[in-house]
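*Asks:* Same order as they appear, the protein sequences are chains X and C. Position 134 (the first sequence) corresponds to 134 in this note's numbering; numbering is contiguous. Just remember that this note's numbering sits 1000 ahead of the position in the second sequence, which is counted from 1.
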Amino acid sequence: MPEPTLNRILYVEDDADIRTIVTMSLEKLGKFRVAACDSCAEALALVDDFRPDLLLLDVMMPDVDGPATLQVLRERVSTASAPAIFVTAKVQTGDIERYRKLGVLDVIIKPFDPMVLPGQIERIWQQHWSGANDYGG
Amino acid sequence: MTTADEEFRREFTRLSAAFVAELPQRVQILSDDLAAWLSAPREALMFERLSHRVHQLKGAGSTFGCNGISNAAAVLEQHLAALHSAASSASGGTAVALEEIEAAIEALRDETNRVCGESAQGGKSGARK
Chain X
1 MPEPTLNRIL YVEDDADIRT IVTMSLEKLG KFRVAACDSC AEALALVDDF RPDLLLLDVM
61 MPDVDGPATL QVLRERVSTA SAPAIFVTAK VQTGDIERYR KLGVLDVIIK PFDPMVLPGQ
121 IERIWQQHWS GANDYGG
Chain C
1001 MTTADEEFRR EFTRLSAAFV AELPQRVQIL SDDLAAWLSA PREALMFERL SHRVHQLKGA
1061 GSTFGCNGIS NAAAVLEQHL AALHSAASSA SGGTAVALEE IEAAIEALRD ETNRVCGESA
1121 QGGKSGARK
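(1) With DSSP as the reference, identify every bridge partner of X:Asp58, one or two as the case may be.
(2) How about C:Leu1057 and C:Val1115: are their beta carbons less than 8 Å apart?
(3) Which runs of the alpha helix (DSSP H) fall wholly inside the region 21 to 51 of chain X and span at least 4 residues, in chain order?
(4) Alpha carbon to alpha carbon, how far is X:Arg123 from X:Asp106?
(5) Let me check understanding here. Comparing Cα to Cα, which of X:Val77, X:Thr79, X:Met60, X:Glu75 lies closest to X:Asp95?
(6) Please determine if the region 79 to 88 of chain X and the region 1071 to 1079 of chain C are in contact, where contact requires at least 3 C-beta pairs separated by less than 8 Å.
(7) Can you pull the chain X neighbours of C:Gly1059, defined as C-beta to C-beta under 8 Å?
(8) Taking CB distances under 8 Å as the criterion, tell me whether C:Leu1015 reaches chain X.
(9) State buried or exposed for X:Ala43, treating a residue as buried only when at least 16 other CB atoms are found within 10 Å of its CB.
(10) By Cβ distance below 6 Å, which residues in the same chain neighbour C:Glu1111 in space, the five residues on each side in sequence not counted?
(11) Does the beta carbon of X:Ser39 come closer than 8 Å to any beta carbon on chain C?
(12) Quick one: any contact between the region 44 to 63 of chain X and the region 1012 to 1029 of chain C, if contact means 3 or more CB pairs under 8 Å?
(13) Below 8 Å between beta carbons: does that hold for X:Lys28 and C:Gly1059?
(14) Opposite X:Val72 in the DSSP bridges: which residues?
(15) At 4 residues or longer, and completely inside the region 1036 to 1089 of chain C: list those alpha helix (DSSP H) runs for me, N to C.
(16) If you measure between the beta carbons of C:Leu1045 and C:Leu1034, is that distance less than 8 Å?
(17) Assign X:Asp113 to one of three DSSP states: helix, strand, or coil.
(18) For X:Leu102, name the three-state secondary structure that DSSP assigns.
(19) Name the residues in the region 1026 to 1045 of chain C whose C-beta lies less than 7 Å from a C-beta of chain B; which are they?
(20) Excluding the 5 residues flanking X:Leu102 on each side, which residues of the same chain have their C-beta closer than 7 Å to its C-beta?
(21) So X:Ile21 contacts chain C; which residues on that side make the cut at Cβ distance below 7 Å?
(22) At a Cβ cut of 8 Å, what residues of the region 57 to 81 of chain X count as close to chain C, listed as they run along the chain?
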């Protein structure tokens, strides 16, 4: 299957500082279109119109965390099969494997360098579509 | 360096400075939340809010290159989890964990003062350039 172009990213992160930095990085440096949301509820409100190519989800959020947000988004037609990446600062032994079993392509660990983040995401995307990983999406 | 890079770096520097400027207030709010939770340690929502603030500070600190802040918040996060666990089980480990938490919040205040002091002197703000 030819690799689809990564253009629209739905980003859910409750921390306003990090949300701003990441959005700026992805838009200005990566030239992606980004819908940045502070919660699962906000993501649900715009996801059908935005129709993201990729979901970028913070793991630790109040109320509805990243894994639960992914589960909710999987029930929407517009995001049922959209590949997803988790972002987290809290990684313990076995966490990454556990997250991958939820169907995410990869896990980006905080802190990350916002200057290289778009390239990192692009690489994960390319690996996914070239079949370099089997975690699905 | 491209114009987009320059623009991003400029904006990042501005946001980093804003983060440092707001640090004392964030640490004070966190400290107030801690005091409130310690007076009612079985309040799950209070603990959730407190641990979430600490977690955010840890993440934002490292994102802005303030590793000392992030490390101090990480220590506080660990001690809070230990204290929460002890308070829930009433296993007797509370007193030790409480001292550690006080030390951790003091370390966070000290690091905040250091970072803000450097920023005020126009030196390294502690933030990634």
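Heads up, the beta-carbon is just placed ideally off N, CA and C, and yes, glycines get one too.
*Replies:* Reading off the structure:
(1) Per DSSP, X:Val87.
(2) no
(3) Runs found: 40 to 50.
(4) Distance between the alpha carbons of X:Arg123 and X:Asp106 is about 11 Å.
(5) X:Met60
(6) no
(7) Asp15, Ile18, Ala89, Lys110, Pro111
(8) At a cut-off of 8 Å between beta-carbon atoms, C:Leu1015 makes contact with chain X.
(9) buried
(10) Gly1068, Ile1069, Ala1072
(11) no
(12) no
(13) no
(14) For X:Val72, which the question treats as bridged, DSSP gives no partner whatsoever.
(15) Whole alpha helix (DSSP H) segments, 4+ residues: 1044 to 1063, 1067 to 1089.
(16) No; because the gap between Cβ atoms is not below 8 Å, this pair is not in contact.
(17) Note: X:Asp113 maps to coil in three-state DSSP.
(18) coil
(19) Checking the listed chains, one finds no chain B in this structure; the protein chains it contains are X and C.
(20) Pro67, Leu70
(21) Phe1012, Leu1015, Thr1063
(22) Met60, Pro62
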